[in-house]
Each structure stands twice: as structure tokens, then as C-alpha cells.
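Each number in my numbering comes from the position in the sequence shown (counting from 1) with 1 added on.
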Amino acid sequence: MRCNLPPPENPGREKAAEARLARMLRKRIRIDEQRLHGAVFKIADRIEELAGACRLVYDAYVRKGYMDPAPSGMRVTEFTLSPHTTTFIGRQNGDIISTISLYGDSKAGLAMDAIYRNELDALREQGRKIAEVGSLAASPDNWNGKPDATFHMFKIMLNYAMGHLNLDDLVIAVNPRQKNFYVWALLFDEIGELKSYDYVKSNPAVAMRMPLEHCQARHHEVYTNRSPENNLHHFLFERQSPLIQLPDEKKPYTVMTPQKADQFCKRYGIGDNPGK
């Protein structure tokens, strides 16, 4: 009688399979700025631009089940209107087509502290300056099969984090379905186990980290000898994209003040300022 036992574990074979999948994912990367004709990527420095970003995130989060529908039609949290937050947008033909936010660390902490406080405190105790990446969203036409706007969001955010804020680490909590993209394409490291995250309606999340002092060298090693259109090292660190607009002065650029936050909430019917 034959006993069908499961095959023995082979960590070497699993790592080799992961490496093949990672190479396949990287080969699929294509960055074509011609598809972004007329687009510009910038800091959302006007209330109307921030509102458009919040609507785009709301649409994406409701569609993915990360939040319930709300009368405002916006995703606005206590971190959205913080003076430590920088929101970036992509505009094309007058429409906001993509957005990403960078939440600076402060006495109020970060959203990830709710479930990954130990992991973040370990970085803080080393004296490292951290910020959380979040609220990444793009219009469906610029996400499904054409992630050019999404890569530009990462480029402007990364350039700002390194050149204007002098950060040591970026951290992010991602849905495990997107984990491979962050690990294999963007070269984040996993630092926290799978947990339920109330911030996104108890969906699962995994904590990731990008140490910025090593990220350029790591991207160069992984993406060396690739053509410019699918070379993330070239795009993120070498290419001077005319679509990216950042302040010339290399210092933090504060957009939100308490007065502007109150004005935002009154104009768009948010109720009490969640940032207070």
C-alpha cells in the first residue's frame, strides 16, 4: 500500500522559485512617460488638491473594502490634516489621477503604531528618523496595467523623503496581496508579521521598511544592466523627469496649518477637525 506523504520541505528550492518570480515581476515593469502626456506630479499645496486626493483614496478604499462609505466621499483621518503630513498628487488634463502621502513621525506617532509599535520603537530607539507611507491610490485607468502614475508617485515621495526631509527609513503597512510588489520590485524589507489592521477595516497587513541609506545601492544591484524603461534604479535615482515638480530648496515644506485644516473641514463638511 502506497502512502502519499507530502514532499519534504526544500528551502533552497523555494528560494529559487521566489527568485524566478521576482525576476519575472521586474521584467514586466515598463515606465512610459508618453502615456502621461500633460501630467504633472507635485505636492498638494492647495485645499482643493488635497480634497481631490482624499476623494481618490476614498474611492479606492471603499472599492477594496478598506473603509465603509461616508457622506463626505473622502478618506480623512487624524493624520490627513497633520502639519507633519505631505500629500503628493498627479494631475493630468485637470484631473487628479494618483496620490500618495508621507506621514512624518511626531508625538502623536504614526498610524502603524496601533499594531506595530514595537517594530517602530526599535527604529526610534536607534535614533532613526522615520515616516510612514500611505494613502496610495490611482484612478483605475492608471492602475490596471498602466502603473506609470504609481511609479511617479513613489519617485516624488522618495526624492522628497531623501532630499528634503533627510529621513532614515520609510515604513508602510501593506495588504499581503501587494507584499511581493513591495519586496521584489520596490525592495522593501518585511519587519512585522501578518496582523489585522483596524485602520483599514480590520483587513490584514504586513509591516515593511526601506532603509534609505542603502536603497539606491540595492536598486542599482538588482536593476543593473536593464533598459531604462524597466530599470527602477534609473527611474527613481538617475532620471530627471520633467513631470516631477518639487521645491528647489532642500528643506521640509509644510502645507497644513491649524487654520487651513479648520478651513478644509468646514468647506467639505468633515465635522470636527480629526487632526486636533
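Even for Gly, the Cβ is constructed at its ideal location relative to N, Cα and C.
Asked: Residue closest to Y161, alpha-carbon to alpha-carbon, out of P12, K251, A115; Found: K251
Asked: Other residues of its chain near R3: CB distance less than 6 Å, five sequence neighbours each side excluded; Found: Residue placement at R3 cannot be trusted, given a pLDDT of 41 that sits under 50; the coordinates are not used to answer.
Asked: Endpoints, the beta strand (DSSP E) within which K196 is located; Found: 190-198
Asked: Three-state class that DSSP yields for M163 in the structure shown; Found: helix
Asked: Whole-Å CB distance - Q93 paired with A23, under 8 Å assumed; Found: With 8 Å as the limit, Q93 and A23 do not qualify as a contact, their Cβ atoms being about 31 Å apart.
Asked: Contacting residues, own chain, Cβ-Cβ under 6 Å from N274 (five flanking each side not counted); Found: A262, D263, C266
Asked: Short Cβ contact (8 Å threshold) for M257 with P84; Found: yes
Asked: Identified DSSP bridge partners for A40; Found: Q93
Asked: Where E120 falls: helix, strand or coil (DSSP); Found: helix
Asked: Beta-carbon spacing of L51, L244 below 8 Å; Found: no
Asked: Alpha carbon of L6 to alpha carbon of L195, nearest angstrom; Found: At L6, the pLDDT of 46 sits below 50, so the modelled position is not reliable; the number obtained from the coordinates is stated separately. One C-alpha to the other measures close to 29 Å.
Asked: Residues near V58 in its chain [Cβ-Cβ closer than 7 Å; skip 5 each side]; Found: R76, T100, S136, A138
Asked: Option nearest Y16 by Cα separation, candidates W185, Q217, T86, G95; Found: Looking at the sequence itself, residue 16 is Lys, so the reference to Tyr does not match. Of the listed residues, the one whose Cα sits closest to K16 is W185.
Asked: Among M113, G53, A61, the one whose alpha carbon lies nearest that of E79; Found: M113
Asked: For S242, the nearest candidate out of R64, H153, K108 (CA to CA); Found: H153
Asked: Counterpart residues of T87 in DSSP-defined beta bridges; Found: L103
Asked: For I32, three-class secondary structure by DSSP; Found: coil
Asked: Host alpha helix (DSSP H) of D170 (start-end); Found: Looking at the DSSP string, D170 is not in any alpha helix (DSSP H); the run it does join, the beta strand (DSSP E), is 170-175.
Asked: Straight-line Cα distance separating L213 from H165; Found: 13 Å
Asked: Cβ neighbour criterion (16 or more within 10 Å) applied to P148; Found: buried
Asked: Cβ pair I192, L168 closer than 8 Å; Found: no
Asked: Nearest-angstrom beta carbon gap, H215 and F238 [assumed within contact, 8 Å]; Found: That pair is no contact at about 12 Å.
Asked: Close-in-space but distant-in-sequence residues of the same chain around K43 (CB under 6 Å, 5 per side omitted); Found: Q246
Asked: DSSP bridge partner residues for V207 (one or two, in chain order); Found: V175
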